[in-house]
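Read the structure below first, then the notes.
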């Protein structure tokens, strides 16, 4: 099947539950995890769920070491699915160079073992870093000019946290109680069948996706991920002439995706925005620069299956104002309605919505 850009985007919007028709489709998004940044999780789920976002869920450093919220009880599963397949895979996920690769998986396991010893009560990230750094060898630490000290590498700490059973809550790290009777701290390389669980979940949300974009989202290389991709039993398609995959049970949806929603306001780090094929999602280079700056990401305005602008919140007390930038005219009634969803998801009252070109 040769999939055009337009069909791919219609499929992805539908697969992510942005039609806001049932909670069933949106469950795939929370299954993979929604990146946590201020109120991003609540707003992302409000854009997908007809009755508002659910309460609870487990928060941990998972994909690429970024904080994500997952279904309650799912973190034991992700602690296995996120295991690197080999040293080369671990080195890529740690952002190490080729000559730093040997011992990368062992470095994660050694750090996880130390984390499991020191995090026995709620601690701030700084407290954890200090305690862990005291016990790790020098080669697993770096000189930090901004802190003026030597401490454990940031990405190493993040990737070792979940294997150690450490989660996040309200800005503090907590020791994760065993979420299942068979909970065991994972160690050594992951298996292709376990990591295939991660691949299938990512493809369900970001498909059709190429090998390079899938590996980029996971934070590894195409070669390192290949065994898990082969084990995932995916449906191959052509995306604008490039080899790509979707989940086999999504073939019917890909052949005939529904039209997109009238309008949605997506938060920064929304699952639709986190895919790595940004040029496919937003062909206009100027809009891409506005959506993904180095700092201070805005939200995105989705009309149908196209992103047409950006928005930023301005909160004052319990009132919220949205500042929207769009090149064309937006359906005002739909915009105001979605702005009310955003305000409600953030627990605020909508004051106003301003629109500028």
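Numbering (my numbering), first residue to last: 29 to 385. Heads up, the beta-carbon is just placed ideally off N, CA and C, and yes, glycines get one too.
- Could you tell me if residue 72 is buried or exposed, where buried requires 16 or more neighbouring beta carbons within 10 angstroms of its beta carbon? Around the CB of residue 72, 16 or more other CB atoms lie within 10 Å, so the residue is classed as buried.
- In DSSP terms, what residue 328 is bridged to: Paired residue(s): 294 and 338.
- Between which two residues does the alpha helix (DSSP H) harbouring residue 202 extend? Per DSSP, residue 202 belongs to no alpha helix (DSSP H); it is in the beta strand (DSSP E), 200 to 203.
- Item | Nearest-angstrom Cα separation, counted from residue 224 out to residue 174 | Just so you know, the alpha carbons of residue 174 and residue 224 end up roughly 39 Å apart.
- Quick one: residues in its chain with C-beta nearer than 7 Å to the C-beta of residue 122, no 5 flanking neighbours on either side, listed in chain order? Result list for residue 122: 132, 183, 184 and 187, in chain order.
- When you compare each of 48, 245 and 362 to residue 77 by their alpha carbons, which one comes out closest? Nearest of 48, 245 and 362 to residue 77, Cα basis: 48.
- Task: Provide the residue(s) that pair with residue 382 in DSSP beta bridges, ordered along the chain.
- Result: In the DSSP secondary-structure assignment, residue 382 is bridged to 351.
- Task: Give the C-beta separation of residue 136 and residue 191 to the nearest angstrom, bearing in mind that I take them to be a contact with Cβ-Cβ under 8 Å.
- Result: Yes, residue 136 and residue 191 are in contact; Cβ-Cβ is about 7 Å, under 8 Å.
- Task: Tell whether a beta-carbon distance below 9 Å holds between residue 259 and residue 245.
- Result: Not closer than 9 Å, so no.
- Message: In this structure, how does DSSP classify residue 270 when only helix, strand and coil are distinguished?
- Response: The answer is strand: DSSP assigns residue 270 an E or B state.
- Taking the DSSP output, what are the residues bridged to residue 151? Bridge partners of residue 151: 201.
- Query: How many Å lie between residue 91 and residue 110 at the Cα?
  - Reply: Approximately 8 Å, taken between the alpha carbons.
- Query: Short check: CB of residue 272 to CB of residue 300, under 9 Å?
  - Reply: Against a cut-off of 9 Å, the Cβ pair of residue 300 and residue 272 comes out as no contact.
- Item | 7 Å Cβ shell around residue 142 - same chain, five flanking residues per side excluded | Residues of the same chain with a CB within less than 7 Å of the CB of residue 142, apart from the 5 flanking positions on each side, are 160, 163 and 164 in chain order.
- Per-residue burial, residue 295 [other beta carbons within 10 Å of its own, 16 or more giving buried]: Buried, because 16 or more other Cβ atoms sit within 10 Å of the Cβ of residue 295.
- Minimum C-alpha distance to residue 228 - residue among 254, 203, 214 and 216: Among 254, 203, 214 and 216, the Cα nearest to that of residue 228 belongs to 254.
- Query: For the beta strand (DSSP E) that residue 98 lies in, which residues bound it at each end?
  - Reply: Counting along the chain, the beta strand (DSSP E) containing residue 98 begins and ends at 95 to 98.
- Considering only the beta carbon of each residue, do residue 157 and residue 194 sit closer than 9 Å? Judged by beta-carbon spacing, residue 194 lies beyond the 9 Å limit of residue 157, meaning their Cβ atoms are not closer than that value.
- Given that a residue counts as buried once 16 or more other Cβ atoms are within 10 Å of its Cβ, and exposed if not, what is residue 69? Under this definition residue 69 is a buried residue.
- Message: Let me confirm a value: residue 326 is counted as buried when at least 16 other C-beta atoms fall within 10 Å, else exposed. Which label applies?
- Response: Counting Cβ neighbours within 10 Å, residue 326 comes out buried, since at least 16 surround it.
- Evaluate residue 118 with the Cβ neighbour count: other Cβ atoms within 10 Å of its Cβ, from every protein chain shown; 16 or more gives buried, anything less gives exposed. By the 10 Å Cβ count, residue 118 comes out buried.
- Message: Report the CB separation of residue 287 from residue 356 in whole angstroms; it is logged as a contact under 8 Å.
- Response: That belief does not hold up - the Cβ atoms of residue 287 and residue 356 are roughly 18 Å apart, past 8 Å.
- With contact counted as at least three CB pairs below 8 Å, one residue from each stretch, are the stretch 365 to 377 and the stretch 317 to 325 in contact? Short answer: they don't touch.
- Query: Does DSSP classify residue 299 as helix, strand or coil?
  - Reply: Here residue 299 sits in helix by DSSP.
- Item | 8 Å CB neighbourhood of residue 441 in its chain, flanking five on each side removed | What is shown of the chain runs 29 to 385, which leaves residue 441 out entirely.
- Buried versus exposed call for residue 74 [16 or more other C-beta atoms within 10 Å across all chains shown]: Buried, because 16 or more other Cβ atoms sit within 10 Å of the Cβ of residue 74.
- Selection from 378, 148, 247 and 168 that minimises the alpha carbon distance to residue 138: Relative to the Cα of residue 138, the nearest Cα in the group 378, 148, 247 and 168 belongs to 168.
- Report yes or no: do three or more beta-carbon pairs, one from the stretch 304 to 318 and one from the stretch 56 to 64, lie closer than 8 Å? Because the criterion of three Cβ pairs below 8 Å is not met, the stretch 304 to 318 and the stretch 56 to 64 do not touch.
- Per DSSP, which one or two residues make a beta bridge with residue 377? Note: residue 377 is bridge-paired with 347 in the DSSP secondary-structure output.
- Report the residue from 361, 359, 379 and 218 whose alpha carbon sits nearest the alpha carbon of residue 350. Of the listed residues, the one whose Cα sits closest to residue 350 is 379.
- Does DSSP classify residue 140 as helix, strand or coil? Helix.
- Are the CB atoms of residue 315 and residue 337 nearer to each other than 9 Å? Contact: yes.
- Just checking my contact of residue 251 with residue 359 at CB under 8 Å: how many whole Å lie between their CB atoms? Wrong, their Cβ atoms sit about 46 Å apart, outside the cutoff.
- Let me know the secondary structure DSSP gives residue 162 once reduced to three states. DSSP places residue 162 in coil when its eight states are reduced to three.
- Query: Distance, Cα to Cα, residue 39 vs residue 319?
  - Reply: Spanning the two alpha carbons is a distance of roughly 22 Å.
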